[in-house]
Amino acid sequence: MATRSGSIINPGLIVVQEAVTGGYTTLDPGADYESVGFETIANTYQTLLWYDGVKSDAFVPVLADRVPSVSDGSISADHKNYTFHIRPGAKFADGTTVTPWDVKYSFTRTMLFVFGTPGTSGWIQSQYLLPSFDPADLTFANVNNAVTADNASGTVTFHLVTSVPELLWFQIIADPLGSSIASWRWLEAHGPGLAWTPLGFTDYQKYGDLVNYVPYWRDHTMGSGPFVVDYVVPGEAVALKRNVNFQAVPGIPAPTVERVFLQYVESPSTRELSLESGQADITTYNPSSRFDVMQRMQTAGLVQIEFVATLNLFWWNFNFEIAPSADNSVPSDFFADLNMRKAFFNAYDFQGYIDNIVGNKRFGATFAQTFNGIVPKGMIGYENLSSYDVFNMALAGQYYNQSKFVTSNGGWANAGFTLTIVVPTADPVNLAAARAWGDNVQRLGPPGNIVIKTQVLSFRDIIANMNPHANPMALWFLGWLPDYPYPTDYTYPMLEPGNALTEYGGTYPAANGFNISYLASVGEAAQARAAQNVSDWINASLSETDINRVVQLSRQAQREAMLNLTIYVPAQQQYTFFVYRTWIQGINLEGNPMLGGTDILYNLLSKAVGASAAPPLTRSAGLDAVGGFGVPLPVIALAVLAVGSRKDR
Numbered sequence: 000m001a002t003r004s005g006s007i008i009n010p011g012l013i014v015v016q017e018a019v020t021g022g023y024t025t026l027d028p029g030a031d032y033e034s035v036g037f038e039t040i041a042n043t044y045q046t047l048l049w050y051d052g053v054k055s056d057a058f059v060p061v062l063a064d065r066v067p068s069v070s071d072g073s074i075s076a077d078h079k080n081y082t083f084h085i086r087p088g089a090k091f092a093d094g095t096t097v098t099p100w101d102v103k104y105s106f107t108r109t110m111l112f113v114f115g116t117p118g119t120s121g122w123i124q125s126q127y128l129l130p131s132f133d134p135a136d137l138t139f140a141n142v143n144n145a146v147t148a149d150n151a152s153g154t155v156t157f158h159l160v161t162s163v164p165e166l167l168w169f170q171i172i173a174d175p176l177g178s179s180i181a182s183w184r185w186l187e188a189h190g191p192g193l194a195w196t197p198l199g200f201t202d203y204q205k206y207g208d209l210v211n212y213v214p215y216w217r218d219h220t221m222g223s224g225p226f227v228v229d230y231v232v233p234g235e236a237v238a239l240k241r242n243v244n245f246q247a248v249p250g251i252p253a254p255t256v257e258r259v260f261l262q263y264v265e266s267p268s269t270r271e272l273s274l275e276s277g278q279a280d281i282t283t284y285n286p287s288s289r290f291d292v293m294q295r296m297q298t299a300g301l302v303q304i305e306f307v308a309t310l311n312l313f314w315w316n317f318n319f320e321i322a323p324s325a326d327n328s329v330p331s332d333f334f335a336d337l338n339m340r341k342a343f344f345n346a347y348d349f350q351g352y353i354d355n356i357v358g359n360k361r362f363g364a365t366f367a368q369t370f371n372g373i374v375p376k377g378m379i380g381y382e383n384l385s386s387y388d389v390f391n392m393a394l395a396g397q398y399y400n401q402s403k404f405v406t407s408n409g410g411w412a413n414a415g416f417t418l419t420i421v422v423p424t425a426d427p428v429n430l431a432a433a434r435a436w437g438d439n440v441q442r443l444g445p446p447g448n449i450v451i452k453t454q455v456l457s458f459r460d461i462i463a464n465m466n467p468h469a470n471p472m473a474l475w476f477l478g479w480l481p482d483y484p485y486p487t488d489y490t491y492p493m494l495e496p497g498n499a500l501t502e503y504g505g506t507y508p509a510a511n512g513f514n515i516s517y518l519a520s521v522g523e524a525a526q527a528r529a530a531q532n533v534s535d536w537i538n539a540s541l542s543e544t545d546i547n548r549v550v551q552l553s554r555q556a557q558r559e560a561m562l563n564l565t566i567y568v569p570a571q572q573q574y575t576f577f578v579y580r581t582w583i584q585g586i587n588l589e590g591n592p593m594l595g596g597t598d599i600l601y602n603l604l605s606k607a608v609g610a611s612a613a614p615p616l617t618r619s620a621g622l623d624a625v626g627g628f629g630v631p632l633p634v635i636a637l638a639v640l641a642v643g644s645r646k647d648r
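Numbering that gives the first Met the number 0 numbers the first residue of the sequence shown as 0 and each following residue consecutively.
Structure representation (structure tokens):
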């Protein structure tokens, strides 16, 4: 039942409707690695450090009581040992004390889940805590010795395998996924215990795989954040309530509302009517195709619209190793053929997508920009490669006719296939893009020979399909929000192929079969050699601390993978926009690039009459004009990267 206080509907409750379906994958911070779960985890758990406002290069202590430094001895001179003193009296939501052992236990779980499927965030922390991503290095000794806890002194120390500059390690420590601190007692009270033996460590790793997720861990939380999970409606909603044991610290205020209700709503009309009636306070993941509806509500004085420049990239994935399904009639190695990938690439109308489907030209606003490469605009190492995004049907036809599939199936006149493009549910923009692209691809053959279908799947189901050697999605849309603002956060998860040391490679290559041995096995020796070059450059960048060299290696890797091997079709670098009722205050505090312009920290918001109304925002200023963006990182701050040599995700 709706309640009112003056003109405010449901005071004390913030209702958020998100244009995403299926909900989170898991609420376990050691295993989750997607943006929907991130939001709940970031509001219920805490890290040792967090970002200072919207900055990405300054930090405030949270569960630590101070930011470590070389001068006070808590960081070793070689930047290999980082000691954090736990804030005295810090409490979990159940009132128990946060201890150094909770920190060690949490990071141990993160390392043990590093090879979980779908991919986990564990690579981010493990890249500096473990000798390598070789499964042979995931030993009891390596994991146990990576972090030491001293409950008597109240300290925890991270022992890194190489010198890591403060800025980079603090950014990794601040990531809610993989670096959040959970109560070890709560975990063991509601799931299997972690036996502190070699066999126990080996056995525990299976709980990082979706098929073995512990149900209670998946749908409940026990952190020290401003909120706790009250209940969940699987796939539909998460209800948060204020953590009565939360302790505010400078930069991390206590909540001003008692409850937050997150709803995952597919229907745009439902979201819009809820916002208009005041039953919803905020909508997120807003599709640009509905921008005119939001503008009308803004003109009526009901809502504000705030654009956020982001580091978010989205693209279309080619699956090199398509698992059998009724949705596709193509062989599993259909997209292992470079000619076929280039045919699809050149059949994509890049500028038409941005102008007319996303709607930059149609609405006179900037919702997205074209890109190529994998390091986003606004990040150190970015280079503008969008000129390589060429829509050319004649060239697409040439590549198609030269493909193995066509030449082995009787040539252009006889070759035919059915293929399905997968798009997330509640994404009308990219569903329209998939259909337009499909129309172009169908023109590569005689009428009726090529049939391109589209399918919508929930975000959760897409994530569940991203399993090595078992992904049935031949061509699918998804993207990346930053974990930490550094090139390796994009090169490793998107470009690192499966190889001799890392069986599956990065997050997306693992899901797409971009694998050196697989390419060699299907007769693509030249591509296998090129993929090995990509891997060598990426791994060199992971072990490199000279920022100029990191940039050089990252650019070599992205040019080889994106321009020469065409492993993806770039779609957009995103500008998001929040739409919120005028009684909501604090949205301007949600601009940290690590939140991706989609996730919200609800303790920063308030719900009150007389919220100050900013001038209507109907276009974004552009990435180059964003003042508080926090990136590119100051080169002077990154100069400390020249202290040694090392590795990443």
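Ideal Cβ placement from N, Cα and C applies to all residues, glycine included.
Keep in mind it's a predicted model, so treat the numbers as computed, not measured.
Thr552 versus Gln572: straight-line alpha-carbon distance, rounded:
According to the sequence shown, residue 552 is Leu rather than Thr. Each residue's Cα considered, the two are about 22 Å apart.
In three-state terms, what does DSSP make of Phe416?
strand
Hey, would you say Ala433 sits closer than 9 Å to Tyr284, going by beta carbons?
no
Looking only at DSSP bridge pairs, what is Ala335 linked to?
The partner list for Ala335 (beta bridge, DSSP) is empty, contrary to what the question assumes.
Between the beta-carbon of Ala412 and the beta-carbon of Leu494, is there less than 9 Å?
no
Check each candidate in Ile180, Val568 and Gln294 and name the one with the smallest Cα separation from Tyr579.
Gln294
What separation, rounded to the nearest whole angstrom, lies between the Cα atoms of Phe37 and Met593?
11 Å
Locate the alpha helix (DSSP H) running through Gln170, then write down its first and last residues.
Glu165 to Ile172
Classification of Asp438 by the beta-carbon crowding that lies within 10 angstroms, buried from 16 upward
exposed
Could you tell me the alpha carbon to alpha carbon distance between Ser75 and Arg65, rounded to whole angstroms?
16 Å
Segment contact, 8 Å Cβ cut-off, at least three pairs: the stretch 305-313 with the stretch 451-464
no
Closest to Ile420 by CA distance: which of Ser407, Gly410, Pro446 and Lys452 is it?
Lys452
What residue range is occupied by the uninterrupted alpha helix (DSSP H) comprising Leu198?
Pro197 to Tyr203
Three-state secondary structure (DSSP) at Ala433?
helix
Same chain, Cβ closer than 8 Å to Val213, five either side skipped, listed in chain order
Asp27, His189, Gly190, Pro191 and Tyr206
Please name the residue or residues paired with Ile85 in a DSSP beta bridge.
Ala63
Tell me where the alpha helix (DSSP H) around Glu305 begins and ends.
Glu305 -> not in any alpha helix (DSSP H); beta strand (DSSP E) instead, spanning Val302 to Phe317.
Mind checking which residues open and close the beta strand (DSSP E) that includes Ala530?
Looking at the DSSP string, Ala530 is not in any beta strand (DSSP E); the run it does join, the alpha helix (DSSP H), is Ala524 to Leu541.
How do the stretch 49-68 and the stretch 126-136 stand: do at least 3 beta-carbon pairs fall below 8 Å, yes or no?
no
Should the stretch 57-64 be regarded as contacting the stretch 80-93, the criterion being three or more beta carbon pairs within less than 8 Å?
yes
If you draw a straight line from the alpha carbon of Val256 to that of Ile566, how long is it in whole angstroms?
46 Å
Separation of Thr116 from Glu235, as counted between CA atoms:
23 Å
Drop a sphere of 10 angstroms on the beta-carbon of Arg554, count the other beta-carbons inside from all chains shown, and report buried for 16 or more, exposed for fewer.
buried
Looking only at DSSP bridge pairs, what is Gly497 linked to?
Asn514
Could you tell me the alpha carbon to alpha carbon distance between Val53 and Ala395, rounded to whole angstroms?
43 Å
Could you give the distance in angstroms between the alpha-carbon of Asp208 and the alpha-carbon of Asp388?
37 Å
With the cut-off set at 9 Å, would you say Leu418 and Tyr491 are in Cβ contact?
no
Within a Cβ cutoff of 6 Å, which residues of the same chain sit near Asn141, ignoring the five residues on either side of it in sequence?
Leu129
N-terminal and C-terminal residue of the alpha helix (DSSP H) that Gly396 is part of
Met392 to Gln401
Residue range of the alpha helix (DSSP H) that Ile462 falls in?
Phe458 to Asn464
Where the beta strand (DSSP E) through Arg258 begins and ends:
Arg258 to Tyr263
Could you give the DSSP three-state label for Ser605: helix, strand or coil?
strand
Excluding the five sequence neighbours on either side, which residues of its own chain have a C-beta within less than 6 Å of the C-beta of Asn470, listed in chain order?
Asn318, Ala322, Asn464 and Ala510
Cβ-based neighbour list, Gly29, same chain, cut-off 6 Å, excluding 5 preceding and 5 following:
Arg108, Thr109 and Phe112
Phe226 vs Pro330 beta-carbon contact at 9 Å
no
From Ile304, Trp168 and Asp326, residue whose alpha carbon lies closest to that of Thr544:
Trp168
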